[in-house]
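The opening position of the sequence shown corresponds to residue 34 in my numbering, with each subsequent residue numbered one higher. Everything on this sheet refers to the single structure shown next.
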Amino acid sequence: MKPAAFEYFRPRSVDEALSLLAEHDGDAKPLAGGQSLIPAMNFRLATPSVLVDLNGIPELGYIKDDADGLRIGGMTRQRQIERSPLISSKAPLMAETMPHIAHVAIRNRGTIGGSVAHADPAAELPALMVALNAELEISSTQGKRSVPASEFFLGLFTTAVQPGELLTEIRIPLAAERSGSAFLEISRRHGDFALVGVVAVVRLDAQGLCADARIALLSVGDRPMPAEQAIAVLKGQRPSAELIRAAADAAAGGDIDPSSDIHASARYRRQLANVLTRRVLERAFERARSA
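Here you go:
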């Protein structure tokens, strides 16, 4: 199929892009990697009247290290993140997760900002942002604002980004001492959307108790689902096989809202969520002990 007719603009700066988005209030759609938007337009599931192509703005593609953590430009390619030594050393959970995203050809074009702003509940990057406690910088002609990942994802393909705004930067805080993390997902074939995925970050205190935990699940709700009940089970407790099983039961019980489709039933997704949460927590706590 072919997309509906649209106007096309290719700005050369962030300011020019924001001006175009503001000028065409609500009718313009930013084009990043295009790996989700273009197929949707071809099937006429998305029919923007204006496309603002961000690929001519090199200032939006970067990975920078500062005192508070990492700063990643919204147009940074997923493959660049996957292969970055800085990401591997400062954000190992992100490096661990990136190879699970689709295929290399997709990651060569796909951008971190495009995937996060698209907010597909079956995608890895939104859940990763929640688990990493990322801060998302949103820009417009009126200025910039920062939104924590926990407040950014509002529903199915819906985020805190408003018409005329653009996700310009992702900030990843430094990992705390005695922390560990892990990611696992199950898909029918490598590169397919996951039936279920789980990402977790845990931190131990000096006594070996769980001081903090962040767990997010993908493909089990209308957004990345934080496992709040599972986190409550873990906090202040000494990690053990029994505790981790209890947390996994909580995650697969009240923390998620999976649906049935042609790929898997809701019941099967709950079972996967339980098994993967247990395995991810076991791995994350082991890494925290070794940190």
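All C-beta atoms in this analysis are idealised placements derived from N, C-alpha and C, irrespective of residue type, glycine included.
Residue i to residue j, Cα distance in whole Å?
i: E115; j: M108; result: 14 Å
i: M34; j: T80; result: 13 Å
i: R221; j: E49; result: 43 Å
i: L119; j: I205; result: 12 Å
i: R316; j: T130; result: 14 Å
i: Q68; j: Q304; result: 31 Å
i: E236; j: D101; result: Sequence check: residue 236 is Arg here, not Glu. Going from the Cα of R236 to the Cα of D101 covers about 18 Å.
i: A37; j: L309; result: 42 Å
i: R311; j: L51; result: 44 Å
i: R178; j: A281; result: 35 Å
Answer yes or no: do residue i and residue j have a C-beta to C-beta separation smaller than 8 Å?
i: L126; j: V85; result: no
i: G176; j: A321; result: no
i: E218; j: V229; result: yes
i: A227; j: L251; result: yes
i: F185; j: L169; result: yes
i: R45; j: G89; result: yes
i: A284; j: A306; result: yes
i: D290; j: A263; result: no
i: A61; j: R211; result: no
i: L87; j: P72; result: no
i: R256; j: A150; result: no
Excluding the five sequence neighbours on either side, which residues of its own chain have a C-beta within less than 7 Å of the C-beta of residue i, listed in chain order?
i: E275; result: none
i: P196; result: D58 and G59
i: L104; result: Note that residue 104 corresponds to Arg in the displayed sequence, not to Leu. Within the same chain, R104 has close Cβ partners K97, E202 and R204.
i: L242; result: G269, Q270 and R271
For residue i, write down the residues that DSSP places opposite it in a beta bridge.
i: K268; result: For K268, which the question treats as bridged, DSSP gives no partner whatsoever.
i: A246; result: V235
i: R112; result: The partner list for R112 (beta bridge, DSSP) is empty, contrary to what the question assumes.
i: F42; result: V85
i: S173; result: G176
i: R77; result: Looking at the DSSP assignment, R77 forms no beta bridge with any residue, so it has no partner.
i: P63; result: V85
i: D99; result: G102
i: L199; result: S172
Once you ignore the five residues that flank residue i on each side, which residues in its own chain have a CB closer than 6 Å to its CB?
i: G66; result: R142, G143, T144 and G147
i: V232; result: A160, L161, A164, F216 and A249
i: A55; result: T174 and G197
i: D238; result: A244
i: Y41; result: L84
Would you verify that the beta carbon of residue i is, or is not, closer than 8 Å to some beta carbon of chain C?
i: T174; result: The structure shown contains no chain C; it is built from a single protein chain.
So, at 8 Å on beta carbons, what are the nonlocal neighbours of residue i in its own chain, with the 5 sequence-adjacent residues on each side left out?
i: R77; result: M34, P36 and A37
**Request:** Evaluate contact between the region 264-282 and the region 183-192, counting only Cβ atoms and requiring at least three cross-stretch pairs below 8 Å.
**Result:** Contact between the region 264-282 and the region 183-192 is absent, because fewer than three Cβ pairs lie under 8 Å.
**Request:** Give a yes or no on contact between the region 89-107 and the region 131-140, applying the rule of three or more CB pairs nearer than 8 Å.
**Result:** The region 89-107 vs the region 131-140: no contact.
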